[in-house]
Every structure is written in structure tokens, then in C-alpha cells.
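S.K.:
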Amino acid sequence: MDPHLRVFVTVAEKKNFSRTAEELHMTQPAVSQYIQALERTMGTKLIERNNKFVCLTKAGEIVYHHAREILGLYTHMQSLVDDLMKVASGNLSIGASYTFGEYILPQVIARLYGQYPLIQPSVTIGNTTEIAESVADRHLDVGIVEGEFNDERLNTEPFAEDWMHIIVPADHPLTRQKQVTIRDLKKENWIVREQGSGTREATEKMFKKLGFAPDHLMEFGSTQLIKESVEAGLGISFLSNWAVRKEESLGTIHLLKMEGTPIPRKFTRITQDTPFQTKALEVFINELHRLEPLFSTENLGKE
1 MDPHLRVFVT VAEKKNFSRT AEELHMTQPA VSQYIQALER TMGTKLIERN NKFVCLTKAG
61 EIVYHHAREI LGLYTHMQSL VDDLMKVASG NLSIGASYTF GEYILPQVIA RLYGQYPLIQ
121 PSVTIGNTTE IAESVADRHL DVGIVEGEFN DERLNTEPFA EDWMHIIVPA DHPLTRQKQV
181 TIRDLKKENW IVREQGSGTR EATEKMFKKL GFAPDHLMEF GSTQLIKESV EAGLGISFLS
241 NWAVRKEESL GTIHLLKMEG TPIPRKFTRI TQDTPFQTKA LEVFINELHR LEPLFSTENL
301 GKE
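Residues in the sequence shown are numbered consecutively from 1, following full-length UniProt numbering.
(1) Give the range of the beta strand (DSSP E) segment to which K246 is assigned.
(2) Could you have a look at E298 and say whether DSSP puts it in helix, strand or coil?
(3) Determine contact between the segment 248 to 261 and the segment 166 to 183, defined as no fewer than three beta-carbon pairs at a distance below 8 Å.
(4) Counting only the same chain and skipping the five closest in sequence on each side, list residues whose C-beta sits under 8 Å from that of A202.
(5) Using DSSP with H/G/I as helix, E/B as strand and the rest coil, what is A96?
(6) Give the DSSP bridge partners of V168, in chain order.
(7) Mind reading off the beta-carbon distance from I119 to G101? Whole number of angstroms is fine, and I expect it under 8 Å.
(8) Can you give me the Cβ contacts of N150 inside the same chain, cut-off strictly under 7 Å, excluding the 5 residues immediately before and after it?
(9) In three-state terms, what does DSSP make of L174?
(10) Counting beta carbon pairs with one atom in the segment 52 to 71 and one in the segment 95 to 115, are three or more of them shorter than 8 Å?
(11) Go ahead and pull the three-state DSSP assignment for G143.
(12) So I167 packs on V63, CB below 8 Å; how close in whole Å?
(13) Would L80 and T278 qualify as a contact pair, given that the criterion is a beta-carbon distance under 9 Å?
(14) Please check the pair I144 and F267, which I expect to be a contact at CB under 8 Å, by giving their CB distance rounded to whole angstroms.
(15) With DSSP collapsed to three states, give me the class of G192.
(16) Could you check what DSSP says for A202 in three-state terms: helix, strand or coil?
Set out below in C-alpha cells:
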């Protein structure tokens, strides 16, 4: 691994030469020498520095972006070589959209850790767009996103089916109606996720399938906040069966039953476009497939 790139990336992220020296167990003059050597190699100044701050030049931003990718590739290469000689171990960076990451992924990691305690997982939660970009930029080894996702930069594979429900407060008037109409839904206050979220995409598809656009729409950036808002009577929403199982069992949220619902969608696994996988990633993917029976219609709504 090129130590100049490692030092440069650390300076760019720490924004401080002394903190970089501490992180890398170097002296501060040595850090400065590495940066100066890299700048001579690149033929331009990469970092602006004074007594108060350190920041990247335009050229520095370009080098930082590619240096992170180079270091990531090196680490991945080393992990693959190590895997030839050892059992599954090492770092595994996992990204997941909110529904899968908060309500399903903990089960996967618990099983994985029970069998492979030398694997060190780290988890990033974000919306579908954010996770896909992080996998494509090689900041994450694997991502699980909501919906059928395609990106020519990535390997994508739908691997499980999720079920989406219209949810209302337990004491909502619609729970007492024999038949819920599109007109009833249209006039409700809908609470939806932000653009870029797989749940928001599924919600938009549901509006289109049922043939209406809500009169009132509120956009929240958290599934938990949406659930609590529905429980408080602020509005209704459209969420995964996995996200609302606890609230439904407690009787604080009601799954509205009407023709055309619940609506299925897919969870999709995304990985970098490479034929090689670390053993840690390989066993993680195997754990995902072991959970597939939980997504069957027989288990819909079960704890």
C-alpha cells in the first residue's frame, strides 16, 4: 500500500496534521514530508494549510476521491489473498436501507457472528440511493435496498419479497368501515418518506396502482418518526410489514384491509461489479439466503 496516499487521506479526513500523526503513530514532521512528496509527484499543491485549518485544493479533492478508491481496492485485494489461507474473518462493511437495516439485518448479523466471530461487521443505514452510491464508490462491501434496483456499475440480485401495507391509527374511523374507497384514501393526510427512499418509491407505485393522488402529503425522513406520527393520529402511511409488526401486535397501529393490498416489493442485494468476494462477504450472503423462508406469505404478519 502506498503510504503517501494513506497519509494524505488521513490528513484530508482529520483536517489536522497533529491528529493524523497520532492516528498513524508518526511524527508531525514525517506527515508533512509525506504530503510534500505526494505533491511533488502530482506536480501541484493538494492541501492548503494555516494555523487554523487544513483544506483540500481542487486538485486535492480529485486525488482524495481516487486515493480512497485505491486504498479500498488494496484492502479488498489483501482480504481475498488472506481468505485463501484462513477462515472467514476481517472487516465487512454492510449498508442497508431503513426497513431492512433496522428490522431484519440485526437477525442476520446475530447469526453471522454466532458462526463466524472473527468477522467484524460495520453497518451503515441510509436510503436506497445513498447505499447504492456507497457500494459503487467502494465504501461498502454490500448493500441491501428496497425495491428492484438496477445500476450498470453494480451487481444486483432481488433475493426476498416484502409486503407493504396501508397503516392507520388503531382508532381511525376507516377501521370501522365495511368498505374503504379510493375517495376515502385521497382525502387523508399521508405521511411518506423522502425522495430516494425505497419506501417512498413503493408508496408512489401504490398511489399509481390504486389510481389517486393524496390531497395532503407530509414528508418525513424516518420510518420510526412516521410510525409514531401515525400512532399519534397525525395521518396514515404505507410501510413494510416488517416495520410495523410490533405496533400491530400492541394494537397501536391497524393494517388497513382493502382490495389491491398488501402490495409486494423486493429486497435487492447489491455488490461491487467484480468476480471476487471475500470469504466474509460470501458467508454473509449465505446468511441472507437462509432467512428467505421468513419472507414467505405463510409468515406474513407473524413475529
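Every residue, glycine too, gets a C-beta built ideally from N, C-alpha and C.
M.R.: Short version:
(1) Where K246 is concerned, there is no enclosing beta strand (DSSP E), although the alpha helix (DSSP H) it sits in stretches over N241 to L250.
(2) The pLDDT assigned to E298 is 42, lower than 50, so where the model puts this residue is not dependable; a value taken from the coordinates is nonetheless given after this. E298: helix per DSSP, three-state reduction.
(3) yes
(4) E146, G147, M164, F238, I263 and R265
(5) strand
(6) H254
(7) Not confirmed; about 18 Å, so no contact.
(8) T156
(9) helix
(10) no
(11) strand
(12) Not quite, the Cβ-Cβ distance comes to about 48 Å (not below 8 Å), so this is no contact.
(13) yes
(14) 6 Å
(15) With the sequence shown as reference, residue 192 is identified as Val, and Gly is not the correct amino acid for it. It is a strand residue.
(16) helix
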